[in-house]
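A short write-up of the structure that comes next.
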Amino acid sequence: MFCNKCGSSLAVGSVFCQKCGQRQSVQSTEQVHEFTPSQSSQGLTPPVDKRFWSSWSSGRRTWFVVIMALTILAGLNGQNIFTYVAGIANGQVYLDSGKVEANIDSGILDQIGEKVTTTCPHPMTAKVGESRQCTVVD
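In case it helps, this note's numbering puts the sequence shown at residues 829 to 966.
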């Protein structure tokens, strides 16, 4: 329980504040419910605020879950979740072959002015320090 005027902590049922002397209203003492460990042992728990999730309609929750699942799948670059996790565990990195091919094509075009076609292996996995071979045709 807290003082209505200064906000200092009060003993339950106090009529006056020990710090500022403000008389406490009867309503404030009746409305205060404090949680003590002894209540926990009796099977009582403090109230849990569930307003955020429960305020959403079931349709909105469903769309949220679907969008989150699609976001996770997009991050896998079309790989199986189990191979993705196993690859992370042993230090492998999965590269997007399409992006690698596009970067090589644009790099060669910028440097020598020739349009080329690049082909890289699919899927493209690597570890730091390893090299991979892609085929470039002019």
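Backbone N, C-alpha and C define an ideal beta-carbon position, used for all residues, glycine too.
Reduced DSSP category for residue i - H, G, I as helix; E, B as strand; rest coil
i: residue 902; result: helix
i: residue 836; result: coil
i: residue 856; result: The predicted position of residue 856 is uncertain, since its pLDDT is 44 and thus under 50; no value can be drawn from it.
i: residue 829; result: coil
i: residue 851; result: strand
i: residue 868; result: Note that residue 868 scores a pLDDT of 49, beneath 50, so its modelled location is shaky and nothing firm can be said.
i: residue 928; result: helix
i: residue 965; result: strand
i: residue 884; result: coil
i: residue 935; result: helix
Spatially closest choice to residue i from the options, by CA coordinates
i: residue 966; options: 934, 921 and 838; result: 934
i: residue 956; options: 937, 927, 930 and 923; result: 923
Distance CB(residue i)-CB(residue j) smaller than 9 Å
i: residue 951; j: residue 962; result: no
i: residue 964; j: residue 932; result: yes
i: residue 852; j: residue 829; result: yes
i: residue 953; j: residue 921; result: yes
i: residue 848; j: residue 837; result: no
Identity of the residues DSSP links to residue i by a beta bridge
i: residue 923; result: 952
i: residue 844; result: 851
i: residue 946; result: 964
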